[in-house]
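In my numbering, the protein residues as written are 3 to 388.
Glycine included, each C-beta is placed from N, C-alpha and C at the ideal position.
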Amino acid sequence: MADSDDIPESTVHNILEQDTLKWVFVGGKGGVGKTTCSSIISMLLARVRPSVLIISTDPAHNLSDAFQQRFTKTPTLVYGFKNLYAMEVDPSVDNDEFGTEGMDSLFSDLANAIPGIDEAMSFGEMLKPAQVVACANSLVSMVPHVQSLCEPARALGSVGREKLVQTMDYSCIVFDTAPTGHTLRLLQFPATLEKGLEKMMSLKSKFGGLLSQVTRIFGVEDEFGEDAIIGRLEGMKNVIEQVNKQFKDPDLTTFICVCIPEFLSLYETERLVQELTKFEIDTHNIIINQVLFDDEDVESKLLKARMRMQQKYLDQFFMLYDDFHITKLPLLPEEVTGVEALKRFSRHFITPYQPSLEKGTVEEVEQRLSRLKEQLAEAEAELEKL
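1) Rounded to whole angstroms, what's the CA-CA distance from Tyr87 to Arg49? Just pull it up for me.
2) Is Asn246 helix, strand or coil when you go by DSSP?
3) Check the C-beta distance from Ser53 over to Glu90 and give it rounded, since I have them as a contact under 8 Å.
4) Between the beta-carbon of Gln312 and the beta-carbon of Leu331, is there less than 8 Å?
5) Short of 6 Å in beta carbon distance, which residues of its chain neighbour Gly32, apart from the five on each side in sequence? Order them along the chain.
6) With which residues is Ile283 paired in a DSSP beta bridge?
7) Would the segment 15-32 count as touching the segment 336-350 if we require 3 or more Cβ pairs under 8 Å?
8) Can Asn291 be considered in contact with the ligand MN, in the sense that its beta carbon sits closer than 7 Å to one or more heavy atoms?
9) Helix, strand or coil for Glu376? Go by DSSP, reduced to three states.
10) Tell me Glu90's beta-bridge partners as DSSP assigns them.
11) Which two residues bound the contiguous beta strand (DSSP E) that contains Lys330?
12) In whole angstroms, what separates the C-alpha of Glu376 from that of Leu304?
13) Can you round the beta-carbon distance between His15 and Ile352 to whole angstroms, since I take them to be within the 8 Å contact cut?
14) Quick one, are the C-beta atoms of Ile42 and Leu344 less than 8 Å apart?
15) Going by CA-CA distance only, name the one from Gln71, Val28, Ile328 that's closest to Thr59.
16) So what does DSSP say about Ile17, is it helix, strand or coil?
17) Suppose contacts are defined by Cβ-Cβ distances below 8 Å. Is Pro77 in contact with Leu55 by that definition?
18) Would Ser302 be called buried (16 or more neighbouring beta carbons within 10 Å of its own) or exposed?
19) What residues match up with Val293 in a beta bridge as DSSP calls it?
20) If you drop the 5 nearest sequence neighbours on each side, which residues of the same chain put their C-beta closer than 6 Å to that of Tyr172?
21) Whose CA, out of Phe320, Arg373, Leu266, lies closest to the CA of Pro10?
22) Are the Cβ atoms of Phe177 and Ile283 separated by less than 8 Å?
23) In the structure shown, what three-state DSSP assignment does Val176 receive?
24) Report the partner residues of Ile258 according to the DSSP bridge assignment.
25) Leu23 by DSSP, collapsed to three states: which one?
26) Starting from Phe83, follow the alpha helix (DSSP H) in both directions and report where the run begins and ends.
27) Identify the residues that DSSP records as bridge partners of Leu79: which are they?
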């Protein structure tokens, strides 16, 4: 355990103060509040950055619900802000890119089923992978054996062709990601592509002569010859390596894990942190949402039992991640939707939440006595009715 003086601050100030950050990924188990947290983080960043874009890559888009504003695949200015934009990326690969019949439609469906392709499309757009598009189009058109290997790259480039985002227009980009499994598959994407290149090289050694004859027969040797195909595939690999390099640069990229104080969420967060460490991706912030604090007005036996259960897992979080910035957010009786509600809730990201009254004080006892009097009056009224 770290000394008390060395415990990191329980806020997201470190994210706001890191001027070099370009990419901020917010992820975790489904249903833990990733969209709310990513929305608030983007709002806080908009206070200290010239321009911020938040992108939802979760197929079940909730960004429009969080801000109570309709967003599309085009960056849209968020109401009440001059420098905060939002967009929701459609992760599906349009059938128009492939055709609507036969094998083309099948390959489109296969590409849409690839976990992590949503984040790959979005991140790929930031790097303008023109050579990825050209290579994937050429290979899919000419070489059936490598179609399955090239579909992720072709999907990655489809957003690029639409030119949805100009990278230099935004000083920081926040990703509201899909659930953990999709994100982990995205991190494996460069390695998967490298294996695809190795497979292509082996196909060249086996079928290179046949391919050369076919391209000569059809008069497309210059464009679809084996050397041209290998060159384009290597160019695609270089772009994906550039993506991977940016992922691994802690000055440019960080990953914020969002969870709740329950066993399954703790387990999945540990899995996520281990995988991020394995892929050398910086992560040093954990947001624990929906925490029941020991407030003076908690009288329910159920709530008290839940608080004890949560405290057990909170202790485990602080023991496992004593060198992380761990931010605890309270469970509220109402939903946090709309810009004003998000702004009010954002104060807990920069100032640790404190119960309204400290136990054992005169004010706390007086408030508890007042509440008991109200309950007694309600009981007497009900008895009189009976």
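With the given structure in hand:
1) 13 Å
2) helix
3) Rounded, the Cβ-Cβ distance is 18 Å, inconsistent with contact.
4) no
5) Pro181
6) Answer is none; Ile283 lacks a bridge partner.
7) no
8) Judged by which ligands are present, the structure shown has none, so any question about the ligand MN falls away.
9) helix
10) Ser58
11) 327-332
12) 21 Å
13) 6 Å
14) yes
15) Val28
16) helix
17) yes
18) exposed
19) Pro332
20) Ser53, Leu55
21) Phe320
22) no
23) strand
24) Val28, Asn287
25) coil
26) Element bounds for Phe83: n/a, residue is neither H nor E.
27) Tyr87
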